[in-house]
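**Student:** Pasting a structure below so you can have a look.
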Amino acid sequence: MQKSTFSPHYDIFKTKLVSMRKAAGLTQRQLAKRLKREHSFVSRIELGERRLDVVEFYWVCRACDQDPKSIHDELLKEFAKLD
């Protein structure tokens with residue numbers, strides 16, 4: 001098994017995070033502020049330099065006014081297309 005951060009699956013995940021943030025009309029700095037984190041936290045996630053755990057994924061979705069389950073389901077559909 002390869003490292004997930006270098007997989008096509010993780011590329012889809014990163015793209016989804018960026019598009020979710022932009023759809024919410026947020027800059028990286030604004031999202032970081034909502035998360036009560038430093039700007040580099042969001043930047044590193046979007047660049048793939050830092051991974052998100054499931055709890056952080058939940059927080060990011062909520063900060064972007066998205067339903068985590070819906071986003072999760074969308075991601076799984078995209079992942080299935082790669083298999």
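Following our numbering, the numbering of the sequence shown begins with 1 at its first residue and continues without gaps.
Ideal Cβ positions, reconstructed from N, Cα and C, are used throughout, including at glycine.
So, at 6 Å on beta carbons, what are the nonlocal neighbours of Gln66 in its own chain, with the 5 sequence-adjacent residues on each side left out?
**Tutor:** For the purposes of this step, residue 66 is taken as the residue at position 66 of the sequence shown. So the list reads Met20, once near-sequence residues are dropped.
**Student:** State the DSSP-derived secondary structure class of Lys87, mapped to helix, strand or coil.
**Tutor:** Outside the modelled stretch of the chain, which goes from 1 to 83, sits residue 87, for which no answer is possible.
**Student:** Buried or exposed, going by whether 16 or more other CB atoms sit within 10 Å of the CB of Phe6?
**Tutor:** Counting from one through the sequence shown, the residue named residue 6 turns up at place 6. It counts as exposed.
**Student:** Following the continuous alpha helix (DSSP H) through Phe13, name the residue where it begins and the one where it ends.
**Tutor:** On the sequence shown, residue 13 is found 13 positions in, with the first residue counted as 1. That run of the alpha helix (DSSP H) goes 8–23.
**Student:** Could you tell me which of Arg50, Glu38, Lys36 sits nearest to Asp17, measuring between CA atoms?
**Tutor:** Locating residue 17 in the sequence shown gives position 17, where the first residue counts as 1. First, the residue type needs correcting, since residue 17 is Leu and not Asp in the sequence shown. Ranking Arg50, Glu38, Lys36 by Cα distance to Leu17 puts Arg50 first.
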